[in-house]
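Protein chains in written order, with full-length UniProt numbering: chain A, 1 to 190; chain B, 1 to 190.
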DNA sequence: TGACAGCCGGAACACGTGTTCCGTATCGTC
DNA sequence: GACGATACGGAACACGTGTTCCGGCTGTCA
């Protein structure tokens, strides 16, 4: 074990942060198809500088996505007196996040976790958090008991994809989620 | 006006059809990001042959998409005694089509019709057909009256995007659409 | 069967991408 | 202030893409 890691030079540390901020902005604007050159331009930095800090484009984007997703996940773990509201509120936050950051849908995709992706951990955490909130909401009687995680994640993934793509307005999101959430509630006994 | 269009040579006509079939197969497999070379390989044809028949990759793909969408739309216009079932059945057919052909979601996207796309016509027709079925289903009391076309199209677009991406199984589609369709129905008076 | 318009294949070109490399500039230390 | 390690910028490379071009082949028709 080598130990003793010399601290980064001050300008390097500054550049690293500028690159992360730039990547976040560019991802929000263009989604994960954004080019490394776009990030370099936004950061006011050369291409080589980016590759000095991140081995790969994928590594850079994952760094941004993982960081922001962890912040989002932190909100899911606050215990709430109203599991139904907590569940639906968190779903809506995910959709808002998707629309603003263009980067949420991938984390919800099919349960077959892509082993080569560095986002596998945070993706698993996300699905588990949703699963926990779902179970709690069902036990509280706020969500239909026959709803299972796969179809919930599939629908949520679809909503995120559409919201990322077409930049839903606040009102459209409100109306669409009202419809979807109605479908999640228990059917009143006819 | 020139008139007098000489008929295509027989081999050229044959190749044109092979290209269209190949394009359909490749689109179903890889979506609209498929390369022209992939279509050429599937058709067993040179690149030049494709460009002899279609001025552009976009033109080729649009030809496939427009043709298939027209066939799908033909089903929407059969008058039905049960507008509610007709509405939901057509929505499901669209989702199945999306999952199999990887090509439906674009037609449902934001109402701002892209003027440069040759699919604008068929996209408008699709939205209008859905709108008609929606209105009929609402008048029959089978769908909640406060549902409007924008959020319906947005949700449907999301479902198609997710189904195209992750190749939903029949069962997953069934479960997801059951939930979504429940949200479309009228809320029973408390 | 001969001649030619039409057609074909695929090499070649233009462009955008991710990534590497190296001469130069800068930071931290003495 | 000088010096070495570190970091920077951006040209250059490898690759995949859409598209064009042209020499040669082939269906068609007299």
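All C-beta atoms, glycine included, are put in the ideal place defined by N, C-alpha and C.
Checklist entry - Looking at residue 67 (chain B) and the ligand HEM, is the gap between the Cβ and the nearest heavy atom below 8 Å? => result As far as ligands go, the structure on display features none, and thus does not contain the ligand HEM.
Checklist entry - If you check the beta carbons only, do residue 161 (chain B) and residue 161 (chain A) fall under 9 Å apart? => result Position 161 of the second chain, counted from the start, is the residue given in the question as residue 161 (chain B). Position 161 of the first chain, counted from the start, is the residue given in the question as residue 161 (chain A). Going by C-beta atoms, residue 161 (chain B) is nearer than 9 Å to residue 161 (chain A).
Item to check | Coil, strand or helix - residue 82 (chain A) by DSSP | outcome: Within the first chain, residue 82 (chain A) is the residue found at index 82, counting from 1. Reduced to three states, the DSSP call for residue 82 (chain A) is coil.
Checklist entry - The alpha helix (DSSP H) with residue 30 (chain A) in it runs from where to where? => result Within the first chain, the letter at position 30 stands for residue 30 (chain A). Note, residue 30 (chain A): alpha helix (DSSP H), 10 to 30.
Checklist entry - Going by beta carbon distance, what residues of the same chain come within less than 8 Å of residue 147 (chain B), once the five residues before and after it are set aside? => result Here residue 147 (chain B) refers to the residue found at position 147 of the second chain. Around residue 147 (chain B): 134, 138, 184.
Next on the checklist: Considering Cα atoms alone, identify which of B:131, B:98, B:117 is closest to residue 168 (chain B).
Outcome noted: In the second chain, residue 168 (chain B) corresponds to position 168, counting from 1. Of B:131, B:98, B:117, the residue nearest in Cα terms is B:98.
Checklist entry - Looking only at its own chain, which residues have a Cβ that is under 7 Å from the Cβ of residue 23 (chain B), when we skip the five neighbours before and after it? => result Against the second chain, residue 23 (chain B) aligns to sequence position 23. Once the five neighbours on either side are set aside, the close Cβ partners of residue 23 (chain B) are 39, 60, 61, 64.
Checklist entry - Could you give the uninterrupted runs of the alpha helix (DSSP H) lying entirely in the stretch 86 to 167 of chain B, keeping only those of 4 residues or more? => result 105 to 108, 120 to 139, 149 to 166
Checklist entry - What is the rounded straight-line gap between the Cα of residue 126 (chain B) and the Cα of residue 80 (chain B)? => result Sequence index remark: in the second chain, residue 126 (chain B) carries index 126 (1-based). Sequence index remark: in the second chain, residue 80 (chain B) carries index 80 (1-based). Each residue's alpha carbon lies about 18 Å from the other.
Item to check | 9 Å Cβ cutoff met for residue 164 (chain B) and residue 104 (chain B) | outcome: Taking the first residue of the second chain as 1, we reach residue 164 (chain B) at position 164. Taking the first residue of the second chain as 1, we reach residue 104 (chain B) at position 104. Contact: yes.
Checklist entry - Roughly how many whole angstroms lie between the Cα atoms of residue 18 (chain B) and residue 43 (chain B)? => result Sequence index remark: in the second chain, residue 18 (chain B) carries index 18 (1-based). Sequence index remark: in the second chain, residue 43 (chain B) carries index 43 (1-based). The straight-line gap from Cα to Cα measures roughly 6 Å.
Item to check | Secondary structure of residue 45 (chain A), DSSP reduced to three states | outcome: Numbered from 1 along the first chain, position 45 holds the residue referred to as residue 45 (chain A). Coil at residue 45 (chain A), not helix or strand.
Next on the checklist: Let's see if you can read the secondary structure: which residues bound the alpha helix (DSSP H) around residue 76 (chain B)?
Outcome noted: Your numbering for residue 76 (chain B) matches position 76 in the second chain. From DSSP, the alpha helix (DSSP H) with residue 76 (chain B) extends over 57 to 76.
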